[in-house]
Structures are given as structure tokens and as C-alpha cells.
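Let me begin by presenting the structure, written as C-alpha cells, before commenting on it.
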Amino acid sequence: MNVADWIEGWARLTPQAAALRFDHDTITYPSLASRARGAAAALSAAGVGRGDRVAYLGLNSPALLALLFACARLGAVFVPMNWRLAAPEHTMTLQDCTPSVLVLDPAFEREAAAIDWSAAVTLVCDPHCEWLGSYANDALPATGAGDRDPLLLCYTSGSTGRPKGVVLSHEALLFNAINSTHMHALRATDVVLTSLPLFHVGGLNNQTLPALHAGACVVLHPKFDPNAAFDAIRDEAVTLTCLVPAQLDMMMTSERWQTEDWSRLRMIATGSTLIPERVSNAVHAKRVALVQIYGSTETCPIATYLPTEDAMRLPGSAGKAAVHCEVRVAAADGAECARGEIGEILVRGPNVMSGYWGMPESSAQALREGWYHSGDAGYFDAEGFLHVTGRLKDVVISGGENVYPAEIENLLVEHPDVCEAAVVGQPDERWGEIVVAVVVRRAGSTLDEAGVRESLRDRIARYKHPRRVVFVDALPRTALGKVRKEEVRRIVVESASESTALAARGEGAGAQRSSAMENGKWH
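Okay, structure coming up:
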């Protein structure tokens, strides 16, 4: 089924229904379908055909969604670009996917001036998307795009190296939408708030496209703003939203957290990173289910989720496999792990990517015997619920013992003086690696290294305790809140070098502890 048919179908069935609310404007399903047809005509006039790439650089907008459905109609491939990246990173993306057209939000003209995009044709889109209706759209060519034809090319965050373009087909988006529908009990009467960036599958595919597949209404924000989110939940009768822990943290610091009525909001989906217990407790205290999703760009992203009825009982779990998805945990030799045994999380289903753009070797390595090898470590508990313990390559091997960072991070963020924490390994001559905790203290806190260690006493084995604690102002994160572990390791290396230099000057441990982090730099 062509994804463009979703909007056309609802335009016929519910011609008065709102598809989008954006910037005080309501866009009905017929209007969105017309915009998509207009965009398809404009792209076709620019020479875009089946298999060609169309890139978009700009904030969340109806234009972005119209372009995606236009690409679906033409059999083209849509590439939403991360507007938070620097010009060299944008250039890398464009040189990799070689789009025929780059559609640019005028707000990013200055940033675009520094990008080497000479190979792309540029269509400048105005804020009201009037250009979408400026082309005749009654005689668009039929493409015959099939279920497995590529539609969406999303670049990974690149937190561990060069970003890779993940190819997602019409079929992958359809089955992800079905998985999401089951997860959310999604229906046409729902109102979904989207404030996550649509250049990531978390913002685009967790709820936004599934809501449009279900005929629901999407309240679309250009980007996240806590007060705008509070206003929308109150004024727009929002029933579902997706917020990562960093967004929830920002909302929890507001006085409105305690006073706003969330009785119409039945679920908040979350994921992408560790979910601190204090965050889940705070959401559940408002009688709203906080449901964790596990997945990745490569799985579109919904691979597992915590059923609503278990959200308050098992807040640390990633749940069970989505209805059209299989998940297993395998040992290094490929054998199935026993319950409670940690191994690699593997995913299989029609929602899984077709491969990495232009990277056949990496694709073959990731997709073996029909299974996507995630590189994530986890285990199934006695009830069959998945628990994610971190990245396999993030495992710290200290004195021959495997230490999983997520276990320690979960405990550290329970401390009332800790905002966030990341755990990595540091090479050590005696132990192979030692455990290092990188901690963000709450404002005004005097928590020191001894206090961090004391908080873990008698809670985990001694070999898992951090040998070093580095305090920083903030953890380096991706746009969706994932901690950039490579950056954390760099911070640890720099802090170790600083400590060595201080010791050589005879300034001692006290001086080392008084050092601080500013903007991610040790000084």
C-alpha cells in the first residue's frame, strides 16, 4: 500500500476532519491531500521521479509532511535533515544521498549558505507553504511504487561515528503504524501532540504518521517548548504525546507541572534513553501512563513497548515485542539466551529497515539471517519482559567481570542531588578497565565523589563501583536525548589528563576536585 493513499483515503471518508493543527491553523485531511498533490506536481516539474531523493531542511511544519506524502506518490525518497547539525555535517549528508531537490525553510537560509549543496536543486518554501498549491495537480504520473520500495531515508545521530542513512520502505512505515496503533489503542478521535523533531523516527514514526494513518488529529509544534506543550495539553484536548526524559525534566521544573489538569491525556510514550525512576513516578502521580518504547532508526522505531496496564508496575522495562515484530536475545554464538541472561537484542519484522544507504557491507553485517542485530545488550525477565542494559560495546570489563553501565546509571539518578549520569570505562593497566561515572549535579548541590560512592554502598557489587567520578554541567546528547557515549569518553580522557597535570604541579586532589566542567570542556 502506498503511504500517500493514507491521506487520500481519509480525505474521502472524513472530509471535515482535522489532520493537523499548526500555528493556529487547522488543516483538514482534504487540504493535506491537496498540499501533497501540489507538492508532488512541483517536484515532478523539477524533474523528480521514482527513486530520486528529496531533502528538507527546516523545523517541523505541514510542508515537511506534505513533502513526505508527495514523495510517496512519486515513488521518490524523502530525506528529512537534522537542522541542529553544522554545515559540514549537512554537506556530508547531501553528498551521501545526492538529492535532486533540497527544500529549504527560509529560516535556515543563512545556515544553508555555508553548505556545499551545489549538486541539488533548491526550492525555497515559504512559511505558509503557498508554493505547494501553485502547480496543477490533476494529472500526476502513476509511479506504481511498491510496498518494499524505499520512501524514507533517515540518518542516524552519529553518536558513535559517521552517520548512516537508514532506508525505510512503504511497508516498514505501514507496519510500524500498525504496531503504534496497537500500542496506543490509537483511533480517529485521538489528538496527538508532536513536539519531537520530525527529522528523527522518534518524532515522525512513534505517533505522528501512525496518527495520520488512523485518521486522528496531530497538533504539530515547530519544536519543543515546555509552556507551549502545557498549553496544548490543556487547550487542544490532547490525548496522546511522545516526550523523551529530557523534555519531561524540563516540564517538571515548571510550577505548571503541579497545577495543570491532564485528565484527558491517557498516555505519554517515551524512550531513546534511560528513564529515571523519579520521572516515571512523577508522570504516574498525575495518573498518566508513561509507556517505554524500545527500538532504533533501523526498526522504524517500534520494536517493543510496555503495555499500558504494566506501565506503573514495571517502570524500568521496555516491555514485549510489538504485534508485528519478533525480538530475541542471543549469546555471542547465536544461541538463545536463558531468562535473566544478558545478550544481544535481535529484531525481525516488516518494520525493519531495508539496509543502510550505499553501504552494502554494513547492511549485511547488521541484517543477518533475517534478523537486525542491534548491538544493544539486554535480557528477558521471568515474565518475558525485555530489559535493556546498554550497548554491547559500552560494557566495561573490569578485572574480568562484565559491568553494564545502565545498571549503575539507574542507581545514580535515584540520588536526589543527581540530575543525570553516564557510566563508561577507562583503560587501566591493572584491571583492564575501571568504571568512571560522569555526573551532573542539581543546582546548589555540594555532592562530591565520596557522596556518589556512598550512595552505591551495599546496593551493587564493589567491582561495579566507580573508581572515578567526573562532575559536568550537562551530558552531551543527541537531538532525541540519547547520551553521546563517545563524547563522554572524551570528557573522561580530558579530565584524566587534567588530573595528571595537576598532580605533576603538586596541586593535589583537592584542586582536582575543585575543577569544573563548562560547556562540555574540562578546565
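Residue numbering for the sequence shown follows the working numbering, starting at 911 and increasing by one per position. C-beta: ideal position from N, C-alpha, C; glycine also. None of these values were measured; they are calculated from a predicted model.
### Message
Please return the same chain residues whose Cβ sits closer than 6 Å to the Cβ of residue 1194, not counting the five positions on each side in sequence.
### Response
1222
### Message
Rounding to the nearest angstrom, what Cα-Cα distance links residue 1317 and residue 1189 in this structure?
### Response
Looking at the two C-alpha atoms, the distance is approximately 17 Å.
### Query
Which residue comes first and which comes last in the beta strand (DSSP E) that contains residue 1341?
Segment: none, residue 1341 is in no beta strand (DSSP E) and carries neither H nor E.
### Message
Tell me which residue opens and which closes the alpha helix (DSSP H) that residue 935 is part of.
### Response
That residue, residue 935, is in no alpha helix (DSSP H); its beta strand (DSSP E) goes 935-938.
### Message
Need the endpoints of the beta strand (DSSP E) that residue 1311 sits in, please.
### Response
Taken as a continuous stretch (DSSP letters only), the beta strand (DSSP E) holding residue 1311 covers 1311-1313.
### Query
How is the beta strand (DSSP E) around residue 1297 delimited, first residue to last?
Boundaries of the beta strand (DSSP E) harbouring residue 1297: 1296-1301, taken from the DSSP string.
### Alpha-carbon spacing of residue 1204 relative to residue 1386, whole angstroms
21 Å
### Task
Would you kindly check if the distance between the Cβ of residue 992 and the Cβ of residue 1065 is under 8 Å?
yes
#### Entry: Identity of the residue in 1395, 1033 and 1009 nearest residue 1439 by Cα
Residue 1439 cannot be examined here, being either before or after the span of the chain that is shown, 911 to 1433.
### Message
So residue 1117 and residue 1199 are supposed to be a Cβ contact under 8 Å. How far apart are they, rounded?
### Response
Not a contact, Cβ separation roughly 14 Å.
### Task
On a CA-only basis, which of 972, 1407 and 1313 is nearest residue 1371? Give me that one, please.
A check of alpha carbon separations from residue 1371 across 972, 1407 and 1313 identifies 1313 as the nearest.
### Task
Excluding the 5 residues preceding and the 5 following residue 979 in the sequence, name in chain order all residues of the same chain whose CB lies nearer than 6 Å to its CB.
914, 917 and 946
#### Entry: Three CB pairs or more closer than 8 Å across the region 1076-1092 and the region 1119-1139
yes
### Query
Taking the alpha-carbon positions, what's the residue 954 to residue 1259 distance?
33 Å
### Task
Name the two residues that bound the continuous beta strand (DSSP E) containing residue 1287.
The continuous beta strand (DSSP E) containing residue 1287 extends over residues 1281-1290.
### Task
Measure the CB-CB distance between residue 1232 and residue 1212 and report whether it falls below 8 Å.
Yes.
### Spatial distance of residue 996 from residue 1026 (CA atoms)
12 Å
### Query
Quick one: Cα of residue 1395 to Cα of residue 1337, how far?
15 Å
### Task
Label residue 1020 either buried or exposed according to how many other C-beta atoms from any shown protein chain fall within 10 Å of its C-beta, with 16 as the threshold for buried.
exposed
### Task
Label residue 855 either buried or exposed according to how many other C-beta atoms from any shown protein chain fall within 10 Å of its C-beta, with 16 as the threshold for buried.
A question about residue 855 goes unanswered here, because the residues of the chain that appear run from 911 up to 1433.
### Query
What does a CB cutoff of less than 7 Å around residue 1068 pick up in its chain, not counting 5 residues either side in sequence?
The predicted position of residue 1068 is uncertain, since its pLDDT is 49 and thus under 50; a value taken from the coordinates is nonetheless stated next. No residues qualify anywhere along the chain.
### Query
Over what stretch of residues does the beta strand (DSSP E) that includes residue 1103 continue unbroken?
1101-1104
### Nearest-angstrom Cβ-Cβ length linking residue 963 and residue 1063, presumed shorter than 8 Å
7 Å
### Query
So is residue 1293 buried or exposed if we call it buried at 16+ other beta carbons inside 10 Å?
exposed
### Task
Please name the residue in 1095, 1235, 1254 and 1237 whose C-alpha comes closest to that of residue 1244.
1254
### Query
Three-state secondary structure (DSSP) at residue 1203?
strand
### Query
Using DSSP with H/G/I as helix, E/B as strand and the rest coil, what is residue 1112?
helix
### Query
Thinking C-alpha only, which one of 1403, 1248 and 1007 is nearest residue 1074?
Considering only alpha carbons, the answer is 1007.
### Query
residue 965 by DSSP, collapsed to three states: which one?
strand
### Limits of the unbroken beta strand (DSSP E) element including residue 1308
Start and end: 1306-1308.
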